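Residue numbers (my numbering): 26 to 247.
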């Protein structure tokens with residue numbers, strides 16, 4: 026029999042002492058509502074406004090809106106030779122009684138107006154119309170040629186043969202026809218020149234609009 030002094034009393038169950046008590050237990054963090062992302066429903070996904078990366082009408086850049094003043098194709102020198110620049114050059118040389126600076130200013134003005142006028146004339150020839158023949162660089166030449174032919178200058182010579190028969194020979198009077206051609210040509214070109222002077226000045230101000238409309242007309246015809 027075991028001795029009472031050798032008996033070890035088992036530990037009593039204490040209700041106030043728990044192995045896993047509240048001080049030792051770590052509660053996992055709960056997910057807050059602010060951190061929770063609710064997935065979209067099918068209706069929300071279908072009915073949502075989808076935005077595309079399209080430019081608005083205000084942001085649309087019109088290629089014909091504002092062309093550069095000198096954004097014209099490179100053309101040969103013959104494109105810019107017309108009665109306006111020829112007669113202007115003659116007037117500058119004849120009345121060259123001013124200073125060098127003034128002469129250079131006149132020359133620069135006529136060259137610039139001839140540039141803008143040449144493109145305006147080419148645009149008018151391209152689109153056609155009632156007055157498109159006025160801008161034809163050979164219009165005055167054709168008119169003088171037609172007028173000279175219409176006048177039909179001829180000279181005649183009469184000869185009598187041994188039988189007493191008279192024979193008249195007509196041939197074209199080249200000198201009179203040429204003189205008539207030159208007179209009509211100079212007169213027509215001078216009238217055209219004095220009409221072109223104010224028109225060439227105005228083309229300085231609407232040259233960009235001319236180029237824009239010219240480009241638009243070419244694209245529409247292609």
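Where is the CB? At the ideal position from N, CA and C, for every residue including glycine. Owing to the predicted nature of the structure, the values given are computational and were not obtained by experimental measurement.
Secondary structure of residue i, DSSP reduced to three states
{"i": "residue 191", "result": "strand"}
{"i": "residue 211", "result": "helix"}
{"i": "residue 206", "result": "helix"}
{"i": "residue 167", "result": "helix"}
{"i": "residue 120", "result": "coil"}
{"i": "residue 229", "result": "coil"}
{"i": "residue 158", "result": "helix"}
Residue range of the unbroken alpha helix (DSSP H) whose run includes residue i
{"i": "residue 100", "result": "Run containing residue 100: none; DSSP gives neither H nor E here."}
{"i": "residue 106", "result": "Element bounds for residue 106: n/a, residue is neither H nor E."}
{"i": "residue 143", "result": "125-152"}
{"i": "residue 240", "result": "232-246"}
Exposed unless 16 or more other CB atoms sit within 10 angstroms - verdict on residue i
{"i": "residue 210", "result": "buried"}
{"i": "residue 158", "result": "exposed"}
{"i": "residue 160", "result": "buried"}
{"i": "residue 163", "result": "exposed"}
{"i": "residue 225", "result": "buried"}
{"i": "residue 113", "result": "buried"}
{"i": "residue 165", "result": "buried"}
Own chain, CB closer than 8 Å to residue i, minus 5 neighbours either side, in chain order
{"i": "residue 212", "result": "none"}
{"i": "residue 235", "result": "141, 144, 145, 148, 228"}
{"i": "residue 120", "result": "none"}
{"i": "residue 243", "result": "151"}
{"i": "residue 221", "result": "108, 109, 142"}
Neighbourhood of residue i by C-beta distance below 7 Å, restricted to the same chain and skipping five residues each side
{"i": "residue 245", "result": "none"}
{"i": "residue 269", "result": "The question about residue 269 has no answer, for the chain in this structure spans 26 to 247."}
Contact set for residue i: own chain, Cβ-Cβ below 6 Å, skip 5 residues either direction
{"i": "residue 231", "result": "none"}
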